[in-house]
Structures are given as C-alpha cells and as structure tokens.
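Under the UniProt record's numbering, the first residue of the sequence shown carries the number 1, and numbering increases by one thereafter.
By construction, the Cβ of each residue, glycine as well, lies at the ideal position given by its N, Cα and C atoms.
Quick caveat: nothing in here was measured; it's all calculated off a predicted structure.
Below is one structure, written out as structure tokens; the observations come after it.
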Amino acid sequence: MHRQVTAERSKRAEILDSEGQRQSAINIAEGRKQSVILASEAIKAEQINSASGEAEAIMLKAQATARGIDAVARSIEQGQQSAQGAVSLSVAEKYVDAFGKLAKEGTSVVVPGNVGDIGSMIATAMGVYGTVNQSQAKAQAQNLLKDGQQEAASQSGGEGASAEQQSSSDEKAKKDEVTQKVLESFDRTQQRH
Numbered sequence: 001m002h003r004q005v006t007a008e009r010s011k012r013a014e015i016l017d018s019e020g021q022r023q024s025a026i027n028i029a030e031g032r033k034q035s036v037i038l039a040s041e042a043i044k045a046e047q048i049n050s051a052s053g054e055a056e057a058i059m060l061k062a063q064a065t066a067r068g069i070d071a072v073a074r075s076i077e078q079g080q081q082s083a084q085g086a087v088s089l090s091v092a093e094k095y096v097d098a099f100g101k102l103a104k105e106g107t108s109v110v111v112p113g114n115v116g117d118i119g120s121m122i123a124t125a126m127g128v129y130g131t132v133n134q135s136q137a138k139a140q141a142q143n144l145l146k147d148g149q150q151e152a153a154s155q156s157g158g159e160g161a162s163a164e165q166q167s168s169s170d171e172k173a174k175k176d177e178v179t180q181k182v183l184e185s186f187d188r189t190q191q192r193h
C-alpha cells in the first residue's frame, strides 16, 4: 500500500510539473506576442509622426515660398524699379550658384564655353529674366487692353441704343487696331533682344 501511495504521489507530481511547464510555455509565447504587437504599434506611430512632420514642413515651406512670391509680385506690380532690380539680381545669383554646384560635384557636365566669363554668365541670366519679363509684360498689356475695352463697353451701355449701335462698330474697330499695334510692338521688342 505504501508503494501505491508513493506511485500516486509521484504521478501527481509529474502531472503538476508538466502542467507548470505547459503554462510557462504559454506565458512565454503570450509575452513574445505582446512584445511583437507593441513593437509594431510603436513603429507605426513613429512612421505616422515622421510623415506628419514632413508633411507639415513641406506645407510651411510652400506657404513661406508663396508669401515671398506674393510680396515680390506686389512690389513689381507697384512699379518699383528697385524691386525689379532685386529680382534681376536674384535670378543672376541663382544662375551663378547653379554653376557653382556643378563644379562641386564629381561628375562630367557639358557647360557653355563662356563659363569663365562671369560677366557673360550674368548677362545670359539677365537675358533669360528679360525674356520672361517681356512675356509677362505682353500678357499684362493684353489684360489691360481687355479691361479697358470692357470698361468702355460698360460706360457706353448707358447711352441710347441707336447711338450705341452706330458707334459700336467704329469703337470696336479702333480698339482692335490699338490692341493689334500694342501686341505688334511687344513682338518687335522681343525679336530685337
């Protein structure tokens, strides 16, 4: 009987030991699972924060650039000669900086033959600016002429219908002639440069 009791105790001890090992393995697996989940969530949160920060930085930079462009446009629109000079200088500086960056890189680059002549480079940059400026002036002249035509049409709208019909075709012909002359003048100026 003593042997039977001992065997029974030994059997219970083995069962308890195996259940303990089983529960220990389950606990270790659960811990690893939780660790992987938490690490994944941390990486996800980090990526979201990083992307959000980059997006905000891009937006702030774009807004600052837009404000700068608006300020320059307002100054130029107001006709300030110093503003146009500043834009010309900025264009020339960027042109020269671009060639400076090319010189720093270790790659082979084909550049114009007059790279050593800084004055010529600046003149080329100013020529690019002048071409852009002429295109903008032409567009502004077209807009001003259209605005003037619309304003004249709205002013003549209050006169009698018969007088308007008679002078309407004459005024339109004159306005079209003036518009054409202004546009031809811009084209001639652009061809000279």
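Rounded C-alpha distance that separates residue i from residue j
{"i": "arginine 9", "j": "alanine 45", "result": "53 Å"}
{"i": "glutamate 56", "j": "aspartate 17", "result": "58 Å"}
{"i": "serine 75", "j": "leucine 60", "result": "23 Å"}
{"i": "isoleucine 58", "j": "lysine 146", "result": "38 Å"}
{"i": "arginine 67", "j": "lysine 94", "result": "19 Å"}
{"i": "valine 5", "j": "glutamine 23", "result": "27 Å"}
{"i": "glutamine 47", "j": "alanine 139", "result": "46 Å"}
{"i": "histidine 2", "j": "alanine 13", "result": "17 Å"}
{"i": "serine 90", "j": "valine 96", "result": "10 Å"}
{"i": "serine 169", "j": "lysine 181", "result": "18 Å"}
{"i": "leucine 38", "j": "isoleucine 28", "result": "15 Å"}
{"i": "serine 40", "j": "isoleucine 69", "result": "43 Å"}
{"i": "alanine 123", "j": "alanine 92", "result": "8 Å"}
{"i": "isoleucine 15", "j": "alanine 7", "result": "12 Å"}
{"i": "alanine 62", "j": "aspartate 176", "result": "41 Å"}
{"i": "glutamine 34", "j": "glutamate 54", "result": "30 Å"}
{"i": "valine 36", "j": "isoleucine 26", "result": "15 Å"}
{"i": "glutamate 184", "j": "asparagine 143", "result": "15 Å"}
{"i": "alanine 42", "j": "glycine 31", "result": "16 Å"}
{"i": "lysine 174", "j": "alanine 64", "result": "45 Å"}
Beta-carbon proximity list for residue i, same chain, < 8 Å, skipping 5 on both sides
{"i": "lysine 11", "result": "none"}
Same chain only: Cβ atoms within 7 Å of residue i, ignoring 5 sequence neighbours per side
{"i": "lysine 101", "result": "none"}
Cβ shell of residue i (< 6 Å), same chain only, five flanking positions each side left out
{"i": "serine 52", "result": "none"}
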